[in-house]
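Chemist: Okay, here's the structure, questions in a sec.
In the working numbering, the protein residues as written are 14 to 170.
Here is the structure:
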């Protein structure tokens with residue numbers, strides 16, 4: 014097995030997700046994977062997250078953006094209206110989906126909602142969420158995140 018952790022995740026709490034997609038620099042016939050051309054290292058975590066959300070954004074809502082550097086946003090944009098909430102979790106994270114869904118009923122996905130531990134950045138960089146424990150973004154948060162953070166910090170207009 015190329016991705017044993019991801020396969021275990023897919024058959025446990027991943028079964029309770031409406032859709033699950035993995036991000037990796039390798040492919041696997043048994044898993045839905047967004048392939049990114051990045052090294053698997055802590056130095057690449059922001060780039061990997063950016064690519065995943067860019068692919069998601071473009072493949073769901075926005076079809077005018079193309080190119081490998083914004084592959085991930087395509088996915089989030091293209092499915093953005095199909096889903097209310099987007100969960101980012103590492104392959105060693107366990108989510109209790111029933112509890113998470115109960116928490117999300119207290120919020121509207123039409124509002125900019127982000128749930129998770131937020132680190133305070135120093136310097137010119139924006140605050141960011143801890144990826145290790147996972148975080149949830151509402152549909153509106155994903156839209157705003159893409160339009161501000163991704164476009165502003167990647168140089169796209």
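Cβ coordinates follow ideal geometry from the N, Cα and C atoms, glycine included.
From a predicted model like this one, the values you see are computed outputs, not experimental measurements.
So, with DSSP's three-state summary, where would you put residue 127?
Modeler: strand
Chemist: Are the CB atoms of residue 43 and residue 29 within a distance shorter than 8 Å?
Modeler: Their beta carbons are not under 8 Å apart, which means residue 29 does not touch residue 43 by this criterion.
Chemist: Bridge partners for residue 151 per DSSP, in chain order?
Modeler: DSSP, once it has assigned bridges, lists 98 as partnering residue 151.
Chemist: Can you check which of these residues, 61, 119 and 146, is closest to residue 132 by C-alpha distance?
Modeler: 146
Chemist: Please look up how many angstroms separate the CB atoms of residue 122 and residue 151, rounded, as I've assumed it's under 8 Å.
Modeler: 4 Å
Chemist: Which partner residues of residue 142 appear in the DSSP bridge assignment?
Modeler: 131
Chemist: On the three-state DSSP scale, how would you describe residue 48?
Modeler: strand
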